[in-house]
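So the structure is just underneath, and the comments pick up after that.
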Amino acid sequence: MNEKGKSQAPGTAATRVAECAGHPDRDFGFPAITAVKSPNGLLRHACIGTGNMAWSDISSFRTHPKLEMAAFCDVDSNFLDKARAESPKAHFYRDWREMFAAEGDAIDSVNISIPDHNHVVAGAEAFNRRKHVYMQKPLCKTMVECEYMRRRAREAGVVTQLGTQYFAYGSDRHTIGLLKAGVLGPVEEVCFFSTRKGISRLKRHLPQAVPPPETLDWDLWLGTAAARDYAPDVYHPLIWRIWHDFGSGWIGDIGCHLMSAVWAGMELGTAAPLDVIAETGTQAESDAVAAITWPTMTRIEWRFGGVPASGGKPFVLKWFDGCSEPDNLAPAKFRPPDEVEALFTQSPFGKRPLEGKAVKCRDGWILQPHSAAKAHAVRNDGKPVPDMPLPEVPSHYHEFVNACLEGRPASSDFAWSTYMMDTVIAGEIAGRMPDTLLKWNPGTRTFGNPEADALLAPHYREGWKIDFS
85 MNEKGKSQAP GTAATRVAEC AGHPDRDFGF PAITAVKSPN GLLRHACIGT
135 GNMAWSDISS FRTHPKLEMA AFCDVDSNFL DKARAESPKA HFYRDWREMF
185 AAEGDAIDSV NISIPDHNHV VAGAEAFNRR KHVYMQKPLC KTMVECEYMR
235 RRAREAGVVT QLGTQYFAYG SDRHTIGLLK AGVLGPVEEV CFFSTRKGIS
285 RLKRHLPQAV PPPETLDWDL WLGTAAARDY APDVYHPLIW RIWHDFGSGW
335 IGDIGCHLMS AVWAGMELGT AAPLDVIAET GTQAESDAVA AITWPTMTRI
385 EWRFGGVPAS GGKPFVLKWF DGCSEPDNLA PAKFRPPDEV EALFTQSPFG
435 KRPLEGKAVK CRDGWILQPH SAAKAHAVRN DGKPVPDMPL PEVPSHYHEF
485 VNACLEGRPA SSDFAWSTYM MDTVIAGEIA GRMPDTLLKW NPGTRTFGNP
535 EADALLAPHY REGWKIDFS
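One point on numbering: in our numbering, the residue at position 243 of the sequence shown is 327, and numbering is uninterrupted.
So, in structure tokens, the structure goes:
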């Protein structure tokens, strides 16, 4: 048997990669999961959130032949009315707490697709009632929440799935297979980049407060967050991601998408970085607004100790999210290095995509766009890397439904994805303390830096608090 990181006979590489191109092994001591046995043989599903990304989730879930859309919940009646028109026989709510109380055993599972700050409190109630949970990325805003969700999922014995739908795409599975097979040798460095335009590029500003529209329950939308006045076009329905209180910044939005295949392929499991450091840039109308919003551009570097996939040597993960489009070009230090630009340009892709990753190994590189396009592997010596067939797998949504019905873990379950989220969140914390090297202590789960450690736990307002102990 070949050790990870060792070269392999060319004739066996494609087969080995194909064998590895499924989903990560998940053995973290989670208990057996009980399969759903509903009266009609269907998974009776509820949706918390119905607009924007939530609607995309709903559209994907409803295509599964063994799923019944039983209930919908949204604080905005405009979004809820759209769901009502599509599924008139379902039940409809504004408050997910009322939904859980009213539906009881009439639902088996939920997807939680609402702003980040309310993910955990809704997920906790789902676990209290032993409902299977599909939760949109980034899952949690703090490391304390990650640890809590991991523990609660284990105690509940339910199926969980982080909403990284690209994980089921051939591109991610190809990268996973290449990394698990070790066909390019040990991993030395990974460059993640997200350089497109988007909501998080917007200049930070805060208009004058106005009464919320009658269609929106603003207090319910705030949920766990500190009370503040409503203002148009900067929070609901889309711009909440840029605010510390509600979102998780650019890396929170995209980081777990890009990191999942590497985490699974390198079999990082419970790994944690040794340290992390970030540089940032922000465009805001004032220092006061900049202080409560995420940066518009970030460069982050995490240093890890050796693992089998790195040949036992330390390796580095790097993140770049400065815009690379000409009309909003970020300084070069926030964009991928020239070597990565050149590799993509010389590859079959012809140019670097706006989002993706480049995995530097001892013997070559894996280049992967954040899309359905297959990853491209290139050896330093110019020899070809054998192609491989990819096994057919269901979509990320269908796989969750199947797992609930069959009583088995899903591919992006919280048993491992919460550890990956710890690393993403460490990068977010570093982004709030730029140019400061933060050293992580996995034993105490602290940085030993008072300012950084103050960001490890959330601060829910009265009426929404959770006991995280």
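Every residue gets a Cβ at the ideal spot worked out from N, C-alpha and C, and that includes glycine.
On a predicted model such as this, the values are computed, not experimentally measured, just so you know.
For residue i, which option in the options has the closest C-alpha, if you only look at C-alpha atoms?
| i | options | result |
| --- | --- | --- |
| P415 | E423, D405 and V424 | D405 |
| M137 | K225, G247 and E170 | G247 |
| P296 | I323, S455 and A315 | A315 |
| H341 | W524, E439 and K225 | E439 |
| S545 | K173, A169, A185 and H201 | Position check: residue 545 holds Arg in this sequence, whereas Ser was assumed. When each option's Cα is compared against that of R545, the closest is H201. |
| A538 | T429, I550, R516 and S553 | R516 |
| T299 | E490, N162 and L127 | N162 |
| L127 | S144, G133, T118 and E152 | E152 |
| P510 | L358, P392, R181 and P493 | Contrary to the premise, residue 510 reads as Ala rather than Pro in this sequence. Comparing Cα-Cα distances from A510 to each of L358, P392, R181 and P493, the minimum goes to L358. |
| D192 | S455, H258 and N124 | N124 |
| H216 | A461, R235, T244 and L304 | T244 |
| P291 | S284, A311, I283 and Y319 | Y319 |
| G307 | I283, V204, R446 and G491 | V204 |
| D160 | T502, C230, V360 and W139 | W139 |
| Q452 | S431, T502 and S143 | S431 |
| K467 | A116, P473, D447 and P518 | D447 |
| E351 | I376, W378 and P392 | P392 |
| A459 | V477, E476 and F433 | F433 |
| M227 | G527, T502 and K523 | T502 |
| T377 | H289, R436 and W386 | H289 |
| T528 | V477, A426 and A356 | A356 |
| E272 | A514, G389 and E512 | G389 |
| C157 | R168, A167, I132 and D141 | I132 |
Consult DSSP for residue i and reduce its assignment to one of helix, strand or coil.
| i | result |
| --- | --- |
| G241 | coil |
| C224 | coil |
| L440 | In the sequence on display, residue 440 carries Gly and not Leu. G440: strand per DSSP, three-state reduction. |
| P542 | coil |
| V485 | helix |
| S553 | coil |
| S394 | helix |
| K402 | strand |
| D111 | Any reading at D111 is ruled out, since the residue's pLDDT is 48, under 50, leaving its predicted position unreliable. |
| H175 | strand |
| V101 | Note that V101 scores a pLDDT of 48, beneath 50, so its modelled location is shaky; the value from the coordinates is reported in the next line. Correct three-state label for V101: helix. |
| W548 | coil |
| D160 | strand |
| R419 | coil |
| F433 | coil |
| G466 | coil |
| Y250 | helix |
| V204 | helix |
| L262 | helix |
| M350 | coil |
| R146 | coil |
| E409 | coil |
| R492 | coil |
| L474 | coil |
| V294 | coil |
| R168 | helix |
Who does residue i pair with in a DSSP beta bridge?
| i | result |
| --- | --- |
| Y218 | N195 and Q245 |
| V271 | C445 |
| W327 | T377 |
| V424 | Partner(s): none; V424 has no beta bridge. |
| G365 | M381 |
| N525 | T530 |
| L151 | L127 |
| L451 | A442 and H460 |
| S278 | E439 |
| W386 | V360 and L401 |
| R288 | A368 |
Determine, for residue i, whether the minimum Cβ-Cβ distance to residues of chain C falls below 8 Å.
| i | result |
| --- | --- |
| E423 | In the structure shown, chain C cannot be found, because there is only a single protein chain. |
### Query
Does the segment 263–276 come close enough to the segment 338–350 to have 3 or more Cβ pairs within less than 8 Å?
The segment 263–276, when compared against the segment 338–350, does touch it at the 8 Å Cβ threshold.
### Query
How do the segment 486–498 and the segment 255–272 stand: do at least 3 beta-carbon pairs fall below 8 Å, yes or no?
No, because fewer than three Cβ pairs between the segment 486–498 and the segment 255–272 fall closer than 8 Å, the two stretches do not touch.
### Query
What are the uninterrupted segments assigned as alpha helix (DSSP H) that are 4 or more residues long and contained completely in the segment 296–328, given in chain order?
Within the segment 296–328, the complete alpha helix (DSSP H) runs of at least 4 residues are 302–306.
### Query
Between the segment 239–258 and the segment 324–331, do three or more beta carbon pairs fall short of 8 Å?
No, they do not touch.
### Any 3 or more C-beta pairs closer than 8 Å across the segment 374–391 and the segment 359–366
As far as the Cβ criterion goes, the segment 374–391 touches the segment 359–366, which means the pair count is three or higher.
### the segment 464–483 touching the segment 133–148, judged by at least three CB pairs closer than 8 Å
Three or more beta-carbon pairs separated by less than 8 Å link the segment 464–483 to the segment 133–148, which places the two stretches in contact.
### Message
Below 8 Å, how does it come out for the segment 331–339 and the segment 302–317: are there three or more Cβ pairs, yes or no?
### Response
No, the segment 331–339 does not touch the segment 302–317.
### Message
Please give the ranges of any beta strand (DSSP E) in the segment 118–144, keeping only runs that are unbroken, at least 3 residues long and fully inside the region.
### Response
Along the segment 118–144, the beta strand (DSSP E) occurs as fully enclosed runs of 3 or more residues at 127–132, listed in sequence order.
### Contact the segment 221–234 vs the segment 178–192: 3+ CB pairs below 8 Å
Touching, no.
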